[in-house]
Amino acid sequence: MFIYSNKTALITGASSGIGEAFAYSLAAKKCNLILVARNEAKLKTLATELSVTHKVKVIVIAQDLSVPGASQALLHEVQKQHLKVDLLINNAGFATYGYFEQVSGKRQHEEVMLNIAALVDITHAFMPDLLRNRDGGIINVSSTAAFQPDPYMAVYGATKAFVLSFSEALWAENRKRGLKVLALCPGATETSFFDVVGSSEASVGSRQSPNTVVNNALRALEKGRSHIISGCQNYLVAQVSRFFSRRFILGIVERTLRPRN
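Residue numbers (this note's numbering): 7 to 267.
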């Protein structure tokens, strides 16, 4: 079980999509919030709505987490406001799509820095708080892309495989120390993700709503699971790699994700 009332959750990438859905769901559970993203205007609008509707404390921190030193700056800002994080949700991330050499190298570097480096650094920075009372939690947003290499999304799939492996390792390290750690692996979701990617071709299967993904994640966290694949169809697809050769699976994924133009 995980108690949300009167605790504080820090959510990265909170201005839209799954991060925003986490904010709505946790505020309804009377959990105070620290919302982190680059878009300060959207965060402030969301914070006002949540604080008025649910009578919770909502702090906004506008920050680009892909730049060096971002995690320490975020920790300093939280400490400056005398806040303690009980639930950390590392949701910030994005994908690139296309032939590897044709995608901006700078953009792919930013992808690695946000999807991996920022997630690891932020987790490390807040671990002492999360462990202190033996009732903390971490949700790291991975993806069904973590379960096999992803041609045309090579960097994204690799970053999400890292997040899954990293999160499950932390789950094993901390399950007897009072800290719950969950890797959330959604499939295609109704968010702006594919607008950022720049192609709906990167979408596989039917899309879940962010609220469905979040509800599945919170139930899995409460049960102490190490990871959750959101949706039965997504779960079945993720299991295919257990029964066929990697070469066979790569052929299917390559044909599915191949740019149509």
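We treat Cβ as the ideally placed atom computed from N, Cα and C, and that holds for glycine.
Please read all numbers here as calculations on a predicted model, not as lab measurements.
Here the alpha carbon of Leu16 sits roughly 25 Å from the alpha carbon of Ala151.
Residue Leu190 holds the alpha-carbon nearest to the alpha-carbon of Asn97 among Leu190, His82, Gln239. In the structure shown, Cys238 falls within a helical segment according to DSSP collapsed to helix, strand and coil. Annotation: the continuous beta strand (DSSP E) that includes Thr14 extends over 14-18. The continuous stretches of alpha helix (DSSP H) do not include Ala151, and DSSP gives it neither H nor E.
Under the three-state reduction of DSSP, Val62 is assigned to coil, being neither helix nor strand.
In its chain, beyond the 5 residues on either side, Glu117, Val118, Asn121, Ile122 have a beta carbon closer than 7 Å to the beta carbon of Thr165.
Per DSSP, reduced to three states, the secondary structure at Gln108 is helical. Looking at the DSSP output, Val187 sits in a beta bridge with Ile144.
Ser77 counts as buried, since no fewer than 16 other beta carbons sit within 10 angstroms of its beta carbon. Close CB contacts of Gly184 within its chain, under the 8 Å cut and outside five residues either way in sequence, are with Leu137, Asn139, Arg140, Asp141, Gly142 (chain order). In its chain, beyond the 5 residues on either side, Thr150, Gly193 have a beta carbon closer than 6 Å to the beta carbon of Asn240. Annotated three-state conformation of Leu89 is coil, per DSSP.
Shown here for Leu227: same chain residues with a beta carbon closer than 8 Å to its own, the five before and five after excluded, namely Phe8, Gly143, Ile145, Lys186, Leu188 in chain order. In the three-state scheme derived from DSSP, where H, G and I count as helix and E and B as strand, Leu94 is classed as strand.
In this structure, DSSP gives Leu71 a state outside helix and strand, which the three-state scheme calls coil. The residue from Val109, Thr195, Ser171, Glu26 with its alpha-carbon nearest to that of Lys48 is Glu26.
Between Lys61 and Asn38, the beta carbon gap of about 10 Å keeps them out of contact (Cβ cut-off 8 Å). Here Thr195 is buried, its C-beta having at least 16 other C-beta atoms within 10 Å. When DSSP states are grouped into helix, strand and coil, Asn38 belongs to the strand group.
DSSP places Ala43 within a strand segment (E or B) once states are collapsed to three. Taking all protein chains shown into account, Ser251 has fewer than 16 neighbouring C-beta atoms within 10 Å of its C-beta and is therefore exposed. In the structure shown, the three-state DSSP call for Thr51 is helix. Counting only residues of its own chain and dropping the five nearest sequence neighbours on each side, Leu125 has a CB closer than 7 Å to the CB of Asn96, Asn146, Val169. Cβ-Cβ distances below 6 Å link Leu81 to Ala131 in the same chain, with the five nearest sequence neighbours on each side left out; the list follows chain order. With a threshold of 16 other beta carbon atoms within 10 Å, Val73 falls short and is exposed.
For His233, the beta-bridge partners assigned by DSSP are Ala189. The beta carbon of Ile40 is closer than 6 Å to those of Leu16, Ile65 in its chain, skipping five residues each way along the sequence.
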